[in-house]
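Engineer: Sharing a structure with you now.
2 protein chains.
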Amino acid sequence: MTRGKLYLVPAPLDFGCDPAVALQDVLPLGTLQASAGITHWICENAKSARAYLKRIDGVVPLATPLQSQQIQELPREVHKKGDHQAGQFDARPLLAAAMEGADIGLLSEAGMPAVADPGSSVVRAAHALGVSVVPLVGPVSLLLALAASGLNGQNFAFVGYLPQDATARTQRIRELETLALRTGQTQLFIETPYRNAALLQALMQTLQHNTRLAVARGLTLANADIRSETIKAWRASALPAADERAPAVFAIGR
Amino acid sequence: MTRGKLYLVPAPLDFGCDPAVALQDVLPLGTLQASAGITHWICENAKSARAYLKRIDGVVPLATPLQSQQIQELPREVHKKGDHQAGQFDARPLLAAAMEGADIGLLSEAGMPAVADPGSSVVRAAHALGVSVVPLVGPVSLLLALAASGLNGQNFAFVGYLPQDATARTQRIRELETLALRTGQTQLFIETPYRNAALLQALMQTLQHNTRLAVARGLTLANADIRSETIKAWRASALPAADERAPAVFAIGR
């Protein structure tokens, strides 16, 4: 029997934001068509996966009614810690339907699955089982932020979240700044939206005058806001109003 | 006078490849519509920019005839060395039209401008001039490759090209492997297509048995090919047939 494929299905970046974007503004028709043909899903949260499928159905009718789609959730442990910190999560059982010929879609809450988001264990399992992996085109906040930052995009790293503890966070910011200034490698990181204001304060207090900081908020949304300048310039003007719901990407470089 | 905006316009990944992809398969309608409305362009190569605009015109008619579009090329030095190696390239004069109200599109030969490609000087100049930067959604080979690799996507780096000299290349591969194994940070890099086979050979010879290597070729194209496994498994099977035109992304991790 021919195996199904594992499609990596990007989602819009408007999760929980208002107004939502039009799917056609951020997803190619090819991605919407491929997604509308899928009947089996692996996701972080079944409820939001269903809501997303409903939105897709409004643009390209689903091949199979929503009620009869099969939706599996990733284990909680993987959400919380990430696939690689969670250790040896064996995702092969989640791909049983693909071994029997069905295409499966892997979906995260926003953006590209397995990039700054859970899902890589599932992709790894697909490779182990000989299931073809097809990444579909869609929005990736990290890369939109990097491109829009004007920082070095030919050498960059994404390091995830910084520590929550203030002392550890300051130390980590210093480490990342040293690396960025010494090697020219732009350092990208993210934070849970309600902690963005505290992180920005810490960056203001810790970084050197000539280091460049970019903060990209609400990418692809109506209220998108991208600011990129030296810390000196950041300090000379008012900080952006705190928005506890807007996801943000931070980047430092020289 | 209201300033124009700087749009970062992604291009398909089929440059020089056959058959070309349908634009709607890899670019959102929103991106095509925004691009069709732009009259001023900054690009690597005017000829391929015109060819791309002609393709866009086939899907969404251009607001202004192709002949009357204004197209400026980035300086050669920036193509060759990248914006950050080229030193203090001042791109502000390229943005003169935006200061007079026109929207400008920044375009690279494939994928997202300013990511693994020239253009960041122009984005930086836009921030310096108070010109808003709007990144549009489209294909980014690095991120598609990372997602499809099953390697750690919550901590990763893109380091550009490896050295051409064999000894220096081997040393750099060892460095990147050590970093990837020690920190868990996936290391991504690229090579000029006709050197891909030599790079793959060097990786086979240099990397350790249990290190994972992913090679993604022809992403978004009909002949896309993504392989991700341990070096032990790579060594046990035939290497993919060399294709001197297929752009590839390499990733190593644990």
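The listed protein sequences derive, respectively, from chains Y and X.
What the first sequence shows, in the working numbering, is residues 1 to 254, in sequence order.
What the second sequence shows, in the working numbering, is residues 255 to 508, in sequence order.
Think of the CB as a built atom: it goes at the ideal place given N, C-alpha and C, for glycine as much as any other residue.
(1) Comparing the C-beta of Phe15(Y) with each C-beta of chain X, is any distance below 8 Å?
(2) Which of the three DSSP states is assigned to Ile226(Y) in this structure?
(3) State whether the segment 133-146 of chain Y contacts the segment 5-13 of chain Y, with contact taken as three or more CB pairs (one from each stretch) at a distance under 8 Å.
(4) Against chain Y, which members of the segment 292-305 of chain X pass a CB distance test of less than 7 Å?
(5) Where does His209(Y) sit, in a helix, a strand or coil, going by DSSP?
(6) With a cut-off of 8 Å on the beta carbons, I'd call Leu162(Y) and Phe189(Y) a contact; round off their distance for me.
(7) Roughly how many angstroms lie between the CA atoms of Gln425(X) and Gln418(X), to the nearest whole one?
(8) Any C-beta of chain Y sitting closer than 8 Å to the C-beta of Asp279(X)?
(9) Any idea if Ser121(Y) is buried or exposed, counting beta-carbon neighbours within 10 angstroms, 16 or more meaning buried?
(10) State yes or no: is the C-beta of Ala452(X) within less than 8 Å of the C-beta of Gln441(X)?
(11) Within this structure, are the beta carbons of Val369(X) and Leu176(Y) separated by less than 8 Å?
(12) For Phe504(X), I'd like the list of residues in its chain whose CB is within less than 6 Å of its CB, leaving aside the five on either flank, ordered along the chain.
(13) On the criterion of 16 or more Cβ atoms from any shown chain inside 10 Å, does Met112(Y) qualify as buried, or is it exposed?
(14) Contact check, Gly184(Y) vs Asn152(Y) under 8 Å by CB: the rounded distance?
(15) Based on the DSSP secondary-structure assignment, which residues constitute the bridge partners of Glu73(Y)?
(16) My output table needs one value for Ala241(Y): the three-state DSSP class, helix, strand or coil.
(17) Taking beta-carbon pairs under 9 Å, can you tell me which members of the segment 454-475 of chain X lie near chain Y?
(18) In this structure, how does DSSP classify Thr178(Y) when only helix, strand and coil are distinguished?
(19) Would you mind sorting Tyr52(Y) into buried or exposed? The rule is 16 or more other CB atoms within 10 Å of its CB.
(20) DSSP state of Ile485(X), grouped into three classes?
(21) Going along chain Y in order, which residues have a C-beta closer than 7 Å to the C-beta of Arg378(X)?
(22) Buried or exposed, going by whether 16 or more other CB atoms sit within 10 Å of the CB of Ser237(Y)?
(23) Can you tell me whether Thr421(X) is buried or exposed? The criterion is at least 16 other CB atoms within 10 Å of its CB, across all chains shown.
(24) Quick one: list the residues of chain X neighbouring Pro28(Y), beta-carbon separation under 7 Å, in chain order.
(25) Distance, Cα to Cα, Ala126(Y) vs Ile480(X)?
(26) How would you list, in chain order, the residues of chain X whose beta-carbon sits under 8 Å from the beta-carbon of Ala11(Y)?
(27) For Gln154(Y), is the classification buried or exposed, using 16 other Cβ atoms within 10 angstroms of its Cβ as the cut-off for buried?
(28) Can you give me the start and stop residues for the beta strand (DSSP E) that Leu361(X) sits inside?
(29) Measure the C-alpha to C-alpha separation of His209(Y) and Lys301(X) and round it to an integer number of angstroms.
(30) Between the Cα of Val9(Y) and those of Val123(Y), Ala20(Y), Leu94(Y), spot the shortest distance and give me the residue it belongs to.
(31) Do Leu239(Y) and Leu203(Y) have their beta-carbon atoms positioned less than 8 Å apart in this structure?
(32) If you compare alpha carbons, which of Leu475(X), Arg423(X), Arg449(X), Arg436(X) is closest to Arg274(X)?
(33) To which residues of the same chain is Arg428(X) closer than 7 Å at the C-beta, ignoring the five residues directly before and after it?
(34) Closer than 8 Å, CB to CB, is Ala340(X) near chain Y or not?
(35) What residue range does the alpha helix (DSSP H) around Ala128(Y) cover?
(36) Which same chain residues end up closer than 6 Å to Gly253(Y) when comparing Cβ atoms and leaving out the 5 residues on each side of it in sequence?
Structural biologist: The short version:
(1) no
(2) Collapsing the DSSP output to three states places Ile226(Y) in a strand.
(3) yes
(4) none
(5) coil
(6) Beta-carbon to beta-carbon, Leu162(Y) and Phe189(Y) are separated by about 6 Å, close enough to satisfy the 8 Å threshold.
(7) 11 Å
(8) Yes, Asp279(X) lies at the interface with chain Y (some Cβ there is under 8 Å from its Cβ).
(9) Counting Cβ neighbours within 10 Å, Ser121(Y) comes out buried, since at least 16 surround it.
(10) no
(11) no
(12) Phe443, Val469
(13) buried
(14) 6 Å
(15) Cys43(Y)
(16) Ala241(Y): coil per DSSP, three-state reduction.
(17) Cβ contacts with chain Y: Arg466, Ala468, Ala470, Leu473, Thr474.
(18) helix
(19) Per the 10 Å Cβ criterion, buried.
(20) helix
(21) Gly150
(22) exposed
(23) exposed
(24) Chain X residues near Pro28(Y): Gln278, Asp279, Val280, Leu281, Pro282.
(25) 11 Å
(26) What Ala11(Y) touches in chain X: nothing, since even the nearest Cβ is about 12 Å away.
(27) buried
(28) 358-361
(29) 42 Å
(30) Val123(Y)
(31) no
(32) Reading off the sequence shown, one finds Ala at residue 274(X), where the question assumed Arg. It is Leu475(X) whose Cα lies nearest to the Cα of Ala274(X).
(33) Thr460
(34) Summary for Ala340(X): the model assigns pLDDT 48, below 50, so the residue's position carries little reliability, and this model does not support an answer.
(35) 120-129
(36) Leu151, Asn152, Ala180, Thr186, Arg212
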